[in-house]
Each structure stands twice: as structure tokens, then as C-alpha cells.
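A.B. asks: First the structure, which I've put down as C-alpha cells, then a few questions once you've had a look.
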Amino acid sequence: MELFPALELGFYNGWILFLILAVSEGLMFVIFPREVVSRLTDFDRSKWSIAQRISFATGKKFSLICIILIVFTPLKMGTLGCGIGVTVFVLGLVGLAASVITFRSAPSDRPVTVGPYRFSRHPQQVSLFTIFTGISIAIGSWIALLVLLISRIMNSAGDSAEEQACLDFYGESYKEYMEQVPRYLLFKGRISQQDAA
């Protein structure tokens with residue numbers, strides 16, 4: 001791993017793994033019913049606070065920087081790091097597919113609480129973070145990992161807003177779910193009285 005690997009145009013760059021992700025996501029969205037895709041992608045941001053909007057927009061900018069770093073950094077072919085990174089990438093891709101397929105088959109009138117949603121309230125975000133961590137390891141870039149971490153922290157404002165929308169829509173069942181399942185695998189998601197109101 002290097003702090004700042006050399007950026008260059010090349011056939012064996014991280015863009016190969018990013019393209020696999022993009023095609024996989026694209027295929028999922030093409031074969032899913034429009035209603036499911038809409039539930040996955042259309043968010044009502046009208047109730048977001050200014051701080052949430054700024055944090056989320058900043059996170060998206062860091063996500064774009066991470067993607068640029070990935071696209072222009074060569075894979076560390078033949079190294080242990082590349083092998084580990086590709087393995088982590090594949091695990092994330094499997095997790096993403098499982099999350100989206102579980103979401104697709106779940107009824108829309110109650111929260112999704114089965115499959116990967118038993119372990120995380122945001123398994124798609126966990127899977128995407130895992131995928132990009134794997135790519136960052138495969139290209140051997142500490143700076144890509146750092147930018148990815150910053151983007152994930154900033155983008156968590158969107159996850160908080162989404163949870164509030166779910167509380168408003170599903171009510172007590174989602175509150176119970178939040179109390180039982182961590183937001184991102186490791187940390188239990190306790191909600192404050194203000195969030196529950």
C-alpha cells in the first residue's frame with residue numbers, strides 16, 4: 001500500500017472493478033420492477049435539515065474523488081494486497097446483491113428485517129463501503145481509503161434522514177427494529193427521544 005500511488009491511464013486500473021460494480025447494479029435495476037427501483041432510489045429530501053444536505057452533498061463530492069482515484073490507479077497485479085482486495089470486493093458485491101434482492105422481495109408496507117437487514121439497517125451501504133474498500137486495497141492506495149472513509153462519514157447524514165422517514169412511515173415497528181439492529185453492523189442504533197417524536 002502506498003499513500004499516493006501514481007495515477008495513470010491504463011487497462012489494468014481499478015476502473016475494471018468499478019465497471020463490474022456498475023454493470024452489476026445496472027443489471028439489478030433493469031430486471032427489477034420500476035416500483036422497487038423507485039423505492040431504492042427516490043428519496044424525499046424535503047424534510048432534511050441544512051446540515052444533512054450539506055453533509056450529504058460533501059460526502060458525494062468525496063465519493064466522486066474516490067472514484068477518480070480508483071479509475072486512474074493501477075491494480076497491484078500479482079500482489080497479496082490485490083488478492084485480498086479482490087476478495088473483499090467480491091464479498092461486498094455478494095452482500096450488495098443479497099441486500100437488493102431481499103429488498104425487492106419484501107412487502108412495501110413494513111420495514112425489511114430479514115436477510116442482511118437482520119445485521120444492519122443499511123446493508124447496501126455496508127456492502128458498497130466493503131466493495132470500495134476492496135478496490136482501494138487492490139490498487140494499494142491509502143489516500144483512496146481515507147477519501148472513502150470521509151465520504152462514508154459525510155454520507156451517513158442521508159442514512160439518518162432515511163431512518164427518520166422510515167420512522168414516520170412505519171412507526172413503532174421501525175422503532176423496535178432500530179433498537180434491535182445496528183446501523184452499520186457494529187454499533188447498536190439507539191434513537192433519541194427527539195428522533196422518536
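Reminder that position 159 of the sequence shown reads as 159 in my numbering, one-by-one numbering, no gaps.
By construction, the Cβ of each residue, glycine as well, lies at the ideal position given by its N, Cα and C atoms.
Under 7 Å Cβ to Cβ from Asn13, same chain only, skipping five residues before and after it: list those, please.
C.D. replies: The residues are Val71, Phe72, Thr73, Pro74 and Leu75.
A.B. asks: Out of Gly140, Arg118 and Glu2, which has the shortest C-alpha to C-alpha gap to Gln180?
C.D. replies: It is Arg118.
A.B. asks: My understanding is that Gly140 touches Gly81, with C-beta atoms under 8 Å, so please give their C-beta distance in whole angstroms.
C.D. replies: 5 Å
A.B. asks: Would you call Arg152 buried or exposed, if buried means 16 or more other Cβ atoms sit within 10 Å of its Cβ?
C.D. replies: It counts as buried.
A.B. asks: Comparing alpha-carbon positions, which option in Ser99, Ile137, Val147 and Ser63 lies nearest Arg121?
C.D. replies: The residue with the shortest Cα to Cα distance from Arg121 is Ser99.
A.B. asks: If you draw a straight line from the alpha carbon of Arg190 to that of Ala6, how long is it in whole angstroms?
C.D. replies: Summary for Arg190: the model assigns pLDDT 47, below 50, so the residue's position carries little reliability, and this model does not support an answer.
A.B. asks: Leaving out the 5 sequence neighbours to the left and right, which residues in its chain are closer than 6 Å to Asp159 when beta-carbon positions are compared?
C.D. replies: His122
A.B. asks: Starting from the N-terminal side, write out each stretch of the beta strand (DSSP E) that is 3 residues or longer and does not extend beyond the stretch 48-98.
C.D. replies: none
A.B. asks: Below 7 Å CB to CB, which residues in the same chain sit around Ser127 once its five sequence neighbours on both sides are set aside?
C.D. replies: Gly92, Gly95, Leu96 and Ser99
A.B. asks: Which residues mark the beginning and the end of the alpha helix (DSSP H) in which Ala165 is found?
C.D. replies: Trp142 to Tyr170
A.B. asks: Please state the DSSP three-state secondary structure of Glu2.
C.D. replies: strand
A.B. asks: Identify which residue in Met178, Glu25, Leu145 and Thr133 has its Cα closest to the Cα of Thr41.
C.D. replies: Glu25
A.B. asks: Among Val112, Ile31, Ile131 and Thr58, whose alpha-carbon lies nearest the alpha-carbon of Tyr177?
C.D. replies: Val112
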